[in-house]
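Asks: Please see the structure below; I have some questions.
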Amino acid sequence: MLPNIRRDLYAAPSRRHRDDAVRGFTLVELLVVIAIIGILVALLLPAVQAAREAARRAQCQNQLKQIGLACLNYESSKNAFPAGCTGKAMYNDDDTPGGVKAEVGENWCISLLPFMERQSLHDQYDFSGAKHYNSTQVNASGVSNQQLGRIVLEELVCPSDQDALQPFAAHGNDWAGSTYRAVAGKIDLTVQPNLLFWDRLNTSQNAARAEAKQFQGPIIAASDRINSDPVRVAKVTDGLSKSAMVGEAVSDPTAIRRNVWASGWRYHSKGHFIRDETGRSSIFRTPDQTFCAASAREVPPGLGADPNLCFRGFGSVHSGGVLQFVFCDGSVQSIPETVSDEVFLALGTIAGEEVEFYDF
């Protein structure tokens with residue numbers, strides 16, 4: 033028996049060695065495992081990206097909600113929604129109408145600063161003088177309005193809109209960008225042959241303003257010299273939940289961006305729901321040059337020498353084809369890309385009486 037025991041004892045290490053060899057991975061097996069892991073990661077990556085975009089979209093929606101609450105709190109305090117911009121309209125030096133000089137004051141974003149927990153920033157603004165939104169006069173705090181306009185406000189930049197973090201050079205300043213534009217009204221050249229802007233201080237349009245209230249939006253240019261005052265809730269006869277107030281304005285990344293929060297100039301922080309006379313509408317990533325290129329001509333009839341119609345639209349880069357707006361009742365609604373032009377245009381007015389078009 034003893035010899036057999038010795039043979040077993042000597043054989044044991046050899047068997048253990050063979051067992052260890054069996055438990056190891058070959059190079060082929062390792063490569064297969066790596067390939068499987070790569071396939072799983074590739075399959076999961078779209079889901080991860082979709083989850084991240086959903087989170088960004090939700091944050092953007094919440095930011096619009098806060099802007100809407102600020103507008104409503106402003107209305108409760110001032111008995112009107114904030115003006116798109118304020119100031120002296122286009123008058124000559126002798127105070128007769130028709131001149132090209134305009135004194136543009138604060139816009140709706142600056143007016144809302146105290147209602148967006150930005151009181152200290154609002155307090156630094158100097159509200160005196162012509163075009164004071166862009167004043168280079170240094171105030172008691174050692175800064176000018178122009179410098180304040182370079183400050184990036186994170187609550188006005190949607191996480192999906194990283195292009196808004198790039199400054200926009202205009203009027204001698206590098207303006208901080210914004211994702212959002214206020215709704216000044218609609219421009220529909222299929223029924224309104226004479227172009228009418230609600231975002232600018234233009235005395236030549238006084239008569240047209242009086243006759244075209246159905247094209248007016250909630251956030252308009254306002255001055256005692258033009259036929260438009262800040263909008264009161266009572267004027268929103270289409271219904272607060274049926275009238276868009278502030279929305280996303282993200283253009284084609286290759287287009288010139290003119291959307292900034294601190295500028296009171298025309299289309300810099302305000303927009304229109306636009307349709308040209310051929311029926312083409314500025315919906316979803318087509319507010320800027322893309323819209324112009326898609327039109328029958330670069331300058332629609334009635335625009336004259338002002339090509340800036342193309343910088344007044346709304347757009348979105350959210351996946352799933354949606355465009356988000358906060359409405360006059362404070363609700364945030366996502367407009368699908370399948371919405372009809374009629375419905376989309378109807379959302380841009382406060383008294384258009386297009387009640388039959390509101391299902392989307």
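Under our numbering, the first residue of the sequence shown carries the number 33, and numbering increases by one thereafter.
Glycine included, each C-beta is placed from N, C-alpha and C at the ideal position.
Fair warning: this is a prediction, and the values are worked out from it, not measured in the lab.
By Cβ distance, which residues of its chain are closer than 6 Å to Cys190, with the 5 residues on each side in sequence left out?
Replies: Here residue 190 refers to the residue found at position 158 when the sequence shown is read from its first residue. Once the five neighbours on either side are set aside, the close Cβ partners of Cys190 are Cys92 and Thr211.
Asks: Can you grab the Cα-Cα spacing for the pair Asn234 / Arg84, in whole Å?
Replies: Taking the first residue of the sequence shown as 1, we reach residue 234 at position 202. Taking the first residue of the sequence shown as 1, we reach residue 84 at position 52. Those two C-alpha atoms are separated by around 44 Å.
Asks: For the beta strand (DSSP E) holding Pro146, just list the boundary residues, first then last.
Replies: Numbered from 1 along the sequence shown, position 114 holds the residue referred to as residue 146. Premise fails: Pro146 is in no beta strand (DSSP E) and is neither H nor E.
Asks: If you drop the 5 nearest sequence neighbours on each side, which residues of the same chain put their C-beta closer than 8 Å to that of Asp206?
Replies: Position 174 of the sequence shown holds residue 206. Excluding residues within five positions, the ones whose Cβ falls inside 8 Å are Arg182, Pro199 and Phe200.
Asks: Please give the ranges of any alpha helix (DSSP H) in the stretch 55 to 131, keeping only runs that are unbroken, at least 4 residues long and fully inside the region.
Replies: Correct list: 59 to 110.
Asks: Quick one: what's got a C-beta closer than 7 Å to Trp293's C-beta in the same chain, skipping five residues either side?
Replies: As a working note, residue 293 is residue 261 in the sequence shown. Excluding sequence neighbours, Trp293 sits near Cys141, Leu185, Leu188, Ala208, Ser210 and Ser301.
Asks: Cα-Cα, which of Ala244, Leu221 and Val223 is closest to Trp230?
Replies: If you number the sequence shown from 1, residue 230 lands on position 198. Selected option, being the one with the closest Cα: Ala244.
Asks: Relative to the C-alpha of Asp426, which residue among Gly204, His164 and Leu355 is closest?
Replies: Residue 426 lies beyond the stretch modelled for the chain, which goes from 33 to 392, so this question has no answer here.
Asks: Tell me the residue span of the alpha helix (DSSP H) that contains Leu153.
Replies: The residue given as residue 153 occupies position 121 in the sequence shown. Segment Gln151 to Asp155, the alpha helix (DSSP H) holding Leu153.
Asks: Under a three-way DSSP split, which group does Phe247 fall into?
Replies: Locating residue 247 in the sequence shown gives position 215, where the first residue counts as 1. Three-state result, Phe247: helix.
Asks: Would you mind giving the Cβ-Cβ distance between Ile252 and Val263, rounded to the nearest angstrom? I have them listed as a contact below 8 Å.
Replies: The count along the sequence shown starts at 1 and reaches residue 252 at position 220. The count along the sequence shown starts at 1 and reaches residue 263 at position 231. That pair is a contact at about 6 Å.
Asks: Where does Asp155 land, buried or exposed, given buried means 16+ other C-beta within 10 angstroms?
Replies: Start at 1 with the first residue of the sequence shown, and residue 155 comes out as number 123. That one is exposed.
Asks: For His465 and Gln179, what's the separation of their Cα atoms in angstroms?
Replies: Residue 465 cannot be examined here, being either before or after the span of the chain that is shown, 33 to 392.
Asks: Tell me which same chain residues have a C-beta within less than 7 Å of the C-beta of Gln95, skipping the five on either side of it?
Replies: As a first step, residue 95 must be located in the sequence shown, where it is residue number 63. Taken in chain order, the residues that qualify are Glu187 and Cys190.
Asks: Going by DSSP, what residues sit across from Asp220 in a beta bridge?
Replies: What you label residue 220 is simply residue 188 of the sequence shown in a count that begins at 1. Answer by DSSP bridge pairing, in chain order: Arg307.
Asks: Quick check on the burial criterion: 16 or more other C-beta atoms within 10 angstroms. Buried or exposed for Ser255?
Replies: The residue you call residue 255 lines up with position 223 of the sequence shown. Buried, since its Cβ has 16 or more Cβ neighbours within 10 Å.
Asks: Name the residue from Glu280, Ala112 and Lys218 whose alpha carbon lies nearest to the alpha carbon of Asp195.
Replies: Indexing the sequence shown from 1 puts residue 195 at position 163. Among Glu280, Ala112 and Lys218, the Cα nearest to that of Asp195 is on Glu280.
Asks: Is the separation between the beta-carbon of Asn139 and that of Ser295 shorter than 8 Å?
Replies: Reading the sequence shown from its first residue, position 107 is the one you call residue 139. Reading the sequence shown from its first residue, position 263 is the one you call residue 295. In contact: Asn139 and Ser295 (Cβ atoms closer than 8 Å).
Asks: So, with DSSP's three-state summary, where would you put Arg298?
Replies: Locating residue 298 in the sequence shown gives position 266, counting from the first residue. Note: Arg298 maps to helix in three-state DSSP.
Asks: Between Leu145 and Gly362, how many whole angstroms is the CB-CB distance? I'm expecting something under 8 Å.
Replies: For the purposes of this step, residue 145 is taken as residue 113 along the sequence shown, with counting starting at 1. For the purposes of this step, residue 362 is taken as residue 330 along the sequence shown, with counting starting at 1. That pair is no contact at about 19 Å.
Asks: Tell me the rounded alpha-carbon separation between Ser176 and Val371.
Replies: Translated into the one-based positions of the sequence shown, residue 176 becomes position 144. Translated into the one-based positions of the sequence shown, residue 371 becomes position 339. Those two C-alpha atoms are separated by around 44 Å.
Asks: Alpha carbon to alpha carbon, what distance is there between Leu197 and Ile66?
Replies: Your numbering for residue 66 matches position 34 in the sequence shown. Your numbering for residue 197 matches position 165 in the sequence shown. Straight-line Cα distance between these residues: approximately 39 Å.
Asks: Please name the residue, chosen from Pro78, Gln81, Arg232 and Ile219, that lies closest to Gln246 on a Cα-to-Cα basis.
Replies: As a working note, residue 246 is residue 214 in the sequence shown. It is Ile219 whose Cα lies nearest to the Cα of Gln246.
Asks: In chain order, what residues of the same chain lie with their CB nearer than 7 Å to the CB of Glu107, ignoring the 5 residues before and after it?
Replies: Here residue 107 refers to the residue found at position 75 of the sequence shown. Only Phe113 and Val265 meet the Cβ criterion.
Asks: Tell me which residues share the same chain as Ala214 and place their Cβ nearer than 6 Å to its Cβ, disregarding the 5 neighbours each side in the sequence.
Replies: For the purposes of this step, residue 214 is taken as the residue at position 182 of the sequence shown. Around Ala214: Gly116, Trp140, Ile251, Val278 and Lys302.
Asks: Closest by CA to Thr118, which one among Asp261, Gly352, Val364 and Tyr157?
Replies: As a position in the sequence shown, residue 118 is number 86, starting the count at 1. It is Asp261 whose Cα lies nearest to the Cα of Thr118.
Asks: Which ranges does the alpha helix (DSSP H) cover as unbroken runs of at least 4 residues, wholly within the stretch 160 to 209, from first to last along the chain?
Replies: Counting only runs of 4 or more, we get 177 to 180.
Asks: Starting from Val292, follow its DSSP beta bridges and name the residues at the other end.
Replies: Locating residue 292 in the sequence shown gives position 260, where the first residue counts as 1. Gly209.
Asks: Just the C-alpha distance for Ser275 and Val364, rounded to the nearest angstrom, thanks.
Replies: Reading the sequence shown from its first residue, position 243 is the one you call residue 275. Reading the sequence shown from its first residue, position 332 is the one you call residue 364. Taking the straight line from one Cα to the other gives about 11 Å.
Asks: When DSSP labels each residue in this structure, what does Val358 get in the three-state scheme?
Replies: What you label residue 358 is simply residue 326 of the sequence shown in a count that begins at 1. Strand.
Asks: Which value, in whole angstroms, describes the spacing of the CA atoms of Asp126 and Arg344?
Replies: To locate residue 126, count along the sequence shown from 1; it is residue 94. To locate residue 344, count along the sequence shown from 1; it is residue 312. Note that Asp126 scores a pLDDT of 48, beneath 50, so its modelled location is shaky and nothing firm can be said.
Asks: Label Ser167 either buried or exposed according to how many other C-beta atoms from any shown protein chain fall within 10 Å of its C-beta, with 16 as the threshold for buried.
Replies: The sequence position of residue 167 within the sequence shown is 135, counting from 1. Counting Cβ neighbours within 10 Å, Ser167 comes out buried, since at least 16 surround it.
Asks: My assumption, with CB atoms under 8 Å, is that Arg232 sits in contact with Arg290. Please give the rounded CB distance.
Replies: The sequence position of residue 232 within the sequence shown is 200, counting from 1. The sequence position of residue 290 within the sequence shown is 258, counting from 1. With a Cβ gap of about 14 Å, Arg232 and Arg290 do not count as contacting.
Asks: With a threshold of 16 other CB atoms inside 10 Å of the CB of Ala102, please say whether the residue is buried or exposed.
Replies: Numbered from 1 along the sequence shown, position 70 holds the residue referred to as residue 102. Buried, because 16 or more other Cβ atoms sit within 10 Å of the Cβ of Ala102.
Asks: Considering Glu374, what are the terminal residues of the alpha helix (DSSP H) in which it resides?
Replies: Taking the first residue of the sequence shown as position 1, residue 374 is located at position 342. Start and end: Asp373 to Ala378.
Asks: Does Val265 come out as helix, strand or coil in the three-state DSSP assignment?
Replies: Residue mapping note: residue 265 aligns to position 233 of the sequence shown, counting from 1. It is helical.
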